[in-house]
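So the protein lines, in turn, are chains E and F. For what it's worth, the working numbering labels the leading residue of the first sequence as 10, then goes sequentially. For what it's worth, the working numbering labels the leading residue of the second sequence as 556, then goes sequentially. Glycine is no exception: its CB is placed at the ideal position from the N, C-alpha and C atoms.
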Amino acid sequence: MLDLAININDISKSFDGLTALDHITMQVPYGCVCGLVGPNGAGKSTLIKICMDILRPDHGEVELLGENPRWKNRVRERVGYVSDIPGMYPNFKCEEMFQLGSKLYPHWDSERCRDLSSAFEIPATRSVHALSRGMKVRMALVMALAIRPRLLLLDEPTAGLDPLFRREFLQVVMDEVAGNGTTVFYSTHNLADLERAADYVGCLNNGRLLFHHPLDEMKGSLHRVQMMVDDEQVLMIQNRLPDILDAQRNGRLYSITIEGNWPEIEAVLNNLGSFYPEKVNLSLEEAFVSLMRKDGYNFKLPLHSERNDECFKEVAP
Amino acid sequence: MWFDIDPSLSMPIYQQLVHGVKEAVARGVLVAGDRIPTVRELASHIMINPNTIAKAYQRLEQEGIIVTMRSRGSFIAENLPASSREEGRQAIAGLLDKVMIEAFHRGVDAEEIKSLVQERLKKWEQERGSR
């Protein structure tokens with residue numbers, strides 16, 4: 010069994026009778042980057058806050074670095090946390106926040122703190138409340154890395170920030186993973202960044218964990234296939250391939266998103282007659298939409314252009 | 556550059572990196588003894604998970620395309636292995652199928668394809684010869 014940096018065991022949490030997390034179990038091995046995705050309100054922040062012991066779960070428990078963070082300070086001092094709205098003392102100057110950090114965290118690395126804050130051009134003598142949101146996130150990242158973390162918990166850290174900073178952020182975090190083997194658990198809506206950065210992807214929807222897989226494995230097991238068909242062939246395909254996530258038809262062109270082993274799927278399609286199945290590219294974003302749709306996420310939007318069903322025929326999988 | 560990858564493609568990133576190095580070697584852009592970046596250098600440069608890059612390097616090492624020397628980094632191997640002949644033929648045949656589909660839709664006939672292949676081969680040999 011792999012050594013686990015994060016072991017989330019059967020966590021449930023509700024707020025005023027509303028279920029925010031419903032028996033979540035997931036594990037992240039040391040040295041891995043795990044991305045957490047899901048629509049707004051899916052429970053991502055709640056899960057990360059429970060890991061940080063900012064919120065208490067109703068049920069289940071979390072182990073970080075092999076121990077329960079609720080009882081062990083020696084765990085917390087090795088866990089860096091960055092959220093989209095970092096909590097810091099507003100009346101402290103930046104340099105005072107760093108001094109506080111150096112006194113609270115026994116593994117504080119002053120040199121790393123100095124290098125990063127000069128690279129990010131953090132204004133040492135300005136008060137935290139006078140910083141822009143982007144600068145606050147930079148501050149929080151410097152502090153999270155200066156503690157010599159073994160684990161980083163990042164809660165939508167770059168949401169709403171400019172692409173240049175997103176790039177910087179990702180470069181610094183990837184360097185941290187490569188240089189120190191730090192484990193990273195982060196929630197994001199940016200699937201393009203996730204495709205670059207993550208080993209594992211976990212997806213939450215309505216408080217449930219839809220899936221949690223290695224990214225390469227996920228890419229290898231989800232396929233989009235286009236082919237030429239008639240009505241009879243559509244029925245045959247649906248009968249023979251039960252794992253279709255979603256399907257669209259435009260005239261004779263039929264496009265399916267499907268989970269499974271590609272050679273087997275290809276063999277089934279070829280056996281059903283010749284209609285030239287061709288595999289087309291499927292990005293993580295499209296895969297995500299298909300998986301959410303299968304889970305019942307409602308995409309019926311009141312758009313201005315009325316949808317012509319002849320052109321976009323959605324076929325129930 | 557050989558490490559310009561596109562994360563949104565269905566092909567896993569580590570495979571894109573393996574392919575990128577192979578292509579650069581085939582084109583003569585990377586030659587025996589050339590140093591390639593360390594995992595850490597490349598991870599922050601192209602913002603890709605270092606575990607993914609390490610996986611690509613491992614694969615390249617297993618295939619004998621690069622050699623890693625502790626503390627000095629990774630280099631293109633001196634004696635490049637010839638890949639299995641049948642495997643190579645299949646890969647090329649698959650690519651040619653794509654060419655023929657495109658040719659059909661663009662109204663390019665068989666004779667034109669043949670002469671194009673000849674022309675490209677000649678150009679390729681000239682370019683490689685001049686390195």
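Item                                                                                                                                                                                  : Value
Start and end of the alpha helix (DSSP H) containing G269 (chain E)?                                                                                                                  : Where G269 (chain E) is concerned, there is no enclosing alpha helix (DSSP H), given that its DSSP letter is neither H nor E.
For M624 (chain F), which of F:S565, F:R590, F:H574, F:E641 has the nearest alpha-carbon?                                                                                             : F:R590
Assign I656 (chain F) to buried or exposed, taking buried as 16 or more other Cβ atoms, counted over all protein chains shown, within 10 Å of its Cβ.                                 : exposed
Between K288 (chain E) and H232 (chain E), which are expected to be in contact by the criterion C-beta below 8 Å, what is the C-beta distance as a whole number of angstroms?         : 6 Å
Name, please, each residue of chain E whose Cβ falls closer than 8 Å to the Cβ of N604 (chain F).                                                                                     : V42, M183, V186, R205, A206, A207, D208
Taking Cβ positions, are S92 (chain E) and P38 (chain E) nearer each other than 8 Å?                                                                                                  : no
So with Cβ pairs under 8 Å, would you call R595 (chain F) a contact of chain E?                                                                                                       : yes
How about P636 (chain F) and E204 (chain E): are their beta carbons less than 8 Å apart?                                                                                              : no
Mind checking who G628 (chain F) pairs with in its DSSP beta bridge?                                                                                                                  : F:M624
By the 9 Å beta-carbon criterion, what residues does the region 559-573 of chain F contribute toward chain E?                                                                         : I560, P562, S563, L564, S565, M566, P567, I568, Y569, Q570
Using beta carbons (cut-off 8 Å, strictly below), is S599 (chain F) in contact with chain E?                                                                                          : yes
Using DSSP with H/G/I as helix, E/B as strand and the rest coil, what is L215 (chain E)?                                                                                              : The residue asked about is misnamed: residue 215 (chain E) is Asn in this sequence, not Leu. DSSP places N215 (chain E) in coil when its eight states are reduced to three.
Between G52 (chain E) and R217 (chain E), what straight-line distance do the alpha-carbon atoms span, to the nearest angstrom?                                                        : 8 Å
When you check each C-beta in the region 257-290 of chain E against every C-beta of chain F, which residues fall closer than 7 Å?                                                     : N290
Leaving aside the five residues before and after V54 (chain E) along the sequence, list all residues of the same chain whose C-beta is less than 6 Å from its C-beta, in chain order. : A small fix is needed here, since residue 54 (chain E) is Ser in this sequence, not Val. For S54 (chain E), where only same-chain residues beyond five positions count, the Cβ hits under 6 Å are D164.
So, is N214 (chain E) buried or exposed, given that buried needs 16 or more other C-beta atoms within 10 angstroms?                                                                   : buried
Using a Cβ-Cβ cutoff of less than 6 Å, which residues in the same chain neighbour P99 (chain E) once the five nearest sequence positions on both sides are dropped?                   : V137, H138
If we cut at 8 Å on Cβ distances, does S230 (chain E) have a partner in chain F?                                                                                                      : no
When DSSP builds the beta bridges, which residues end up paired with K102 (chain E)?                                                                                                  : E:S136
Just tell me which of E:L150, E:F129, E:A168 has its CA closest to the CA of L160 (chain E).                                                                                          : E:L150
For D179 (chain E), would you say it is in contact with chain F, using Cβ-to-Cβ distances shorter than 8 Å as the test?                                                               : A small fix is needed here, since residue 179 (chain E) is Leu in this sequence, not Asp. L179 (chain E) counts as touching chain F.
Give the DSSP-derived three-state secondary structure of H221 (chain E) in the structure shown.                                                                                       : strand
Can you have a look at I63 (chain E) and say buried or exposed, based on whether 16 or more other CB atoms are within 10 angstroms of its CB?                                         : exposed
Determine, using beta carbons only, whether G211 (chain E) and C60 (chain E) come nearer to each other than 8 Å.                                                                      : no
Under 8 Å by Cβ, that's how I've got P272 (chain E) and V234 (chain E) pegged, so tell me the actual separation to the nearest angstrom.                                              : Wrong, their Cβ atoms sit about 13 Å apart, outside the cutoff.
Just the chain F side, please: which residues come within less than 9 Å of S292 (chain E) by C-beta, in chain order?                                                                  : P562, S563, L564, S565
Provide the residue span of the beta strand (DSSP E) that contains R586 (chain F), from first to last.                                                                                : Residue 586 (chain F) is actually Val in this sequence, not Arg. Looking at the DSSP string, V586 (chain F) is not in any beta strand (DSSP E), and its letter there is neither H nor E.
Would you decide whether N279 (chain E) is buried or exposed? Buried here means 16 or more other CB atoms lie within 10 Å of its CB.                                                  : exposed
Per DSSP, A688 (chain F) is paired with what?                                                                                                                                         : In the structure as shown, chain F starts at 556 and stops at 686, and residue 688 (chain F) therefore has no counterpart that could be examined.
At what residues does the beta strand (DSSP E) containing L564 (chain F) begin and finish?                                                                                            : It is not in any beta strand (DSSP E) - L564 (chain F) carries neither H nor E in the DSSP assignment.
Determine which residues share a DSSP beta bridge with Y263 (chain E) and list them.                                                                                                  : E:M236, E:R258
Taking Cβ positions only, does S141 (chain E) come closer than 8 Å to chain B?                                                                                                        : Looking for chain B here will not work: the only protein chains present are E and F.
Listed in chain order, which residues of the region 135-162 of chain E have Cβ atoms closer than 7 Å to some Cβ of chain F?                                                           : none
Counting beta carbon pairs with one atom in the region 255-263 of chain E and one in the region 235-243 of chain E, are three or more of them shorter than 8 Å?                       : yes
Kindly indicate which residue of E:S111, E:C122, E:I15 has the alpha-carbon position closest to the one of E76 (chain E).                                                             : E:I15
Who are the near neighbours of G110 (chain E) in its chain, counting only those whose CB is closer than 8 Å to its CB and skipping five residues on each side?                        : W117, C122, M152, A155, I156
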